[in-house]
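Please read the structure below before turning to the comments.
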Amino acid sequence: MNIAIAGVGLVGRVLALNLLEKGHTLTLFDEDSAYGDASAGFTAAGMLALFAELETAESSIFARGKRSINLWPSLLDQVGISDAYQLEGSIITAHPQDVSELDHFIQTLKSKVDEASSIQTLNRDEIMALEPDLEQHNRAFYIPHEGQVDAQRFMQASSDYLLNHPDVIWHQETKVEKVEELLKEFDWVYDSRGLGAQEDIQDLRGVRGEVFWLEAPEVKITRPTRMLHPRYKIYIVPRPNDRYIIGATEIESEDKSPMSVRSSLELLSAVYSMHSGFAEARIIKTATNCRPTLKDNLPQIVHEDKLTRINGLYRHGYLLAPAVVEDALNQGIYK
Ligand SMILES: Cc1cc2nc3c(=O)[nH]c(=O)nc-3n(C[C@H](O)[C@H](O)[C@H](O)COP(=O)(O)OP(=O)(O)OC[C@H]3O[C@@H](n4cnc5c(N)ncnc54)[C@H](O)[C@@H]3O)c2cc1C
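Throughout, the numbering used here is defined as the position within the sequence shown, counted from one, plus 6.
Below, the structure is given as structure tokens:
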């Protein structure tokens, strides 16, 4: 089939990779350039936080998250970066005065899914064995089956792959105002414009998120690590070359302007209290974007005649996109 995809952020790319494997011809439209950083998928930390997200999310995301974690390796293989996937578990910790938060957090996860019984409590020696750089913590939790996709490498490698694919035409810097118009020319149309689909999707809102990129040679944390705090949750996501993504704020606002002083104070003081080696880190950059989110904070797939809209992946795009796209294809074009 001759298929159009409007919006080539995270969902659009996962869709394109799936459809190419089935032998379709694709025309992609994005208002940004192929290497642009406008999409939330480009700003994301790429964490596959299957359990940790359950604190505030519905347990329905768990089943899709589990499927996505199994689907990511073949997608990354397709674009030639199988090493951009890490599934070595994650660490959750808190300051001594907030340990009750930590216990409550884990209890909440355990009340939502049985598999959360695999979460292990770590004492100081066990923390030292897994992540020696977190030695100042006396208590933490280890969550197996969590990890990350290197989001920026995925965006870059998928751009290269799609731009060079003989069955793909990519219209860069081309805004699609009315996706329905594309039906005149194409056999099937996908709307994956994220927040850009606000005019067509009721109650679609942006949730602002801010992150720091730090270079910290004095820090050797190897797994995604979260710190719980009564007012905010921060995570540290290790990347190659001593780099760490520190994030992310969650603010009910569609403002994509640069990071605020308040957010930077909170994120940096939290990260410094987690490991004093961050004091000498260099700030490589900050980034801000908005997560496309619906009223119930859950993904939405809508099928109209030969038009499928996928949206609302909120803070779970990497955790959920492969399974959500698989569901959209099976309920629509392959029904
Ligand atoms: C700070 C931050 C951290 C995050 N961390 C994580 C994480 O660790 N793990 C996780 O699972 N998720 C994370 N997310 C969430 C994830 O990034 C989103 O859920 C995901 O990117 C949504 O995918 P999408 O394709 O719907 O939207 P996007 O990725 O935003 O893509 C939308 C695309 O549509 C294009 N577009 C918009 N309007 C138009 C138009 N009219 N015409 C043509 N093109 C258009 C845009 O240019 C863009 O390329 C994070 C998000 C943020 C902001």
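Virtual Cβ for every residue (Gly too), placed ideally from N, Cα, C.
Distance from the C-beta of residue 309 to the nearest heavy atom of ligand 1 is not below 7 Å.
Rounded to the nearest whole angstrom, the CA to CA distance from residue 90 to residue 181 is 30 Å. Per the Cβ contact rule, the stretch 204-211 is in contact with the stretch 286-303 (3 or more Cβ pairs under 8 Å).
CA-CA distance, residue 310 to residue 210, rounds to 18 Å. Residue 51 is not a Cβ neighbour of residue 97, given a cutoff of 8 Å. Around the beta carbon of residue 340, fewer than 16 other beta carbons sit within 10 angstroms, so the residue counts as exposed.
Counting only the Cα atoms, residue 25 lies some 10 Å from residue 7. Shown here for residue 21: same chain residues with a beta carbon closer than 7 Å to its own, the five before and five after excluded, namely 11, 196, 198, 331 in chain order. In terms of side-chain proximity, the C-beta atom of residue 270 is found no nearer than 7 Å to any non-hydrogen atom of ligand 1.
Counting of Cβ neighbours within 10 angstroms places residue 36 among the buried residues, the total reaching 16 or more. Judged by DSSP in its simplified three-state form, residue 111 adopts helix.
Relative to the Cα of residue 177, the nearest Cα in the group 113, 33, 136 belongs to 33. The three-state reading of DSSP puts residue 280 in helix, counting H, G and I together. In this structure, DSSP gives residue 187 a helical state, which the three-state scheme calls helix.
With a threshold of 7 Å, the Cβ atom of residue 233 does not count as near ligand 1, since no heavy atom of the ligand is closer than that. Boundaries of the alpha helix (DSSP H) around residue 166: 157-170. Closer than 7 Å to some heavy atom of ligand 1: that describes the Cβ of residue 14.
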